[in-house]
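Residue numbers (this note's numbering): 405 to 736. Notes follow the structure.
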């Protein structure tokens, strides 16, 4: 069975705040470590009322300090928002504090709306299309023999630490870049699955081995809402369904509590949206989730799954991850 990992958006639920979200994230990471998850990633988003992981590197340090074995990383850092040197220093610091446990996933989306992205960058000349060059520059800062050191540019800490870099994406662009640079590829199929199979095929077909990676390695995002019964799981999933509809309608909010019969109140447009964005999901009892997990792995040939469970109640979220881990152990 393929390894399982955790993607956490550190959700802020209705009636709660970021401080509680951070406590929940650490608790989930500690449980995930005990349950055998391979890595625990946090995602960079800005200006989102329901997501607390904006200062991603800071939160990675918090989680890594509270765990001992599980790899902790970014899924991902939105590189157009940052100087590559700053990210090299941040993740060089994290790698120095927690050697052998830090991952650096890189994306080119802003992780926010355009107004927020402009405020983050403070420079209207910043160009997201420079992403490939920024990735190469960042890789150089973290390498054992950085070329930029000859120009007086050195990441301290960072140089020589070779923090593992991943390319994140939801289109063919990221697949092409990851293949060209010989890097592992993480596809955001948990919310943007439209080009998943095309991207996987392109990445594997054009992959060039590198010092970091000798053969293609694909990790896919996958939503799991697991509970003791199908009905309980379907109810839990309505929090995420509401969040997607709110986001796509231009009204992002904190993660709402589940609503019985939520789907029955939606129109055709909202149903089509949810059918599309949540097509890479398992919702149900352990037996149902096991079938859906196995079918997804068989269809995609994924090397690893990154499980995300945006569930309102923290105890129910833990239970969903626990069920998934137990199913994984049973499949091995």
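A virtual CB, placed ideally from N, CA and C, is assigned to each residue, including glycine.
Residues that residue i bridges to, as DSSP identifies them
i	result
residue 712	627
residue 589	571, 622
residue 506	476
residue 444	410, 476
residue 659	417
residue 511	482
Exposed unless 16 or more other CB atoms sit within 10 angstroms - verdict on residue i
i	result
residue 661	exposed
residue 665	exposed
residue 528	Reliability of the predicted coordinates at residue 528 is poor, the pLDDT of 49 falling under 50, and no value is obtained from them.
residue 655	exposed
residue 723	buried
residue 494	buried
residue 418	exposed
residue 705	exposed
Given residue i as reference, the closest of the options once Cα atoms are compared
i	options	result
residue 444	419, 472, 547, 455	472
residue 564	608, 549, 586, 436	549
residue 697	672, 629, 448, 720	629
residue 522	726, 540, 450	450
residue 502	584, 571, 461, 431	461
residue 410	465, 475, 418, 466	475
residue 691	735, 713, 675, 652	735
residue 485	469, 465, 459	459
residue 681	663, 728, 645, 706	645
residue 447	429, 601, 611	429
residue 709	715, 721, 729, 505	729
residue 663	677, 676, 672, 647	647
residue 658	452, 568, 552	452
residue 520	482, 725, 555, 533	482
residue 466	684, 419, 421, 414	414
residue 566	533, 463, 498, 612	498
residue 726	469, 518, 631, 552	631
residue 572	625, 557, 553, 547	625
Which of helix, strand or coil DSSP assigns to residue i
i	result
residue 544	helix
residue 476	strand
residue 637	helix
residue 410	strand
residue 405	coil
residue 482	strand
residue 727	helix
residue 496	helix
residue 528	Model confidence at residue 528 stands at a pLDDT of 49, short of 50, so the residue's coordinates are unreliable; what they give is reported in the following sentence. Reduced to three states, the DSSP call for residue 528 is coil.
residue 685	strand
residue 737	Here the chain comprises residues numbered 405 to 736, so residue 737 is not present and cannot be evaluated.
residue 436	helix
residue 604	helix
residue 455	strand
residue 577	helix
residue 705	coil
residue 415	strand
residue 465	helix
residue 554	helix
residue 720	helix
Near the ligand COA: residue i beta-carbon under 7 angstroms from a heavy atom
i	result
residue 509	Only the bare structure without any ligand can be found here, which leaves the ligand COA out of the picture.
Cβ of residue i within 8 angstroms of any chain D Cβ
i	result
residue 661	This model lacks chain D altogether, as it is built from one protein chain only.
Q. Would you call the region 613–620 and the region 497–511 touching, i.e. three or more CB-CB distances under 8 angstroms?
A. Contact fails: fewer than three Cβ-Cβ distances are below 8 angstroms.
Q.
Can you confirm whether the region 581–595 touches the region 605–616 when touching is taken to mean that 3 or more C-beta pairs between the two stretches lie within less than 8 angstroms?
A. Touching, yes, given that three or more Cβ pairs across the two stretches are closer than 8 angstroms.
Q: Determine, using beta-carbon pairs with one atom in the region 673–691 and one in the region 635–649, whether at least three such pairs fall under 8 angstroms.
A: Yes, they touch.
Q) Taking contact to mean at least 3 C-beta pairs separated by less than 8 angstroms, is the region 590–603 in contact with the region 537–556? A) The count of Cβ pairs closer than 8 angstroms, one atom from the region 590–603 and one from the region 537–556, stays below three, leaving the stretches out of contact.
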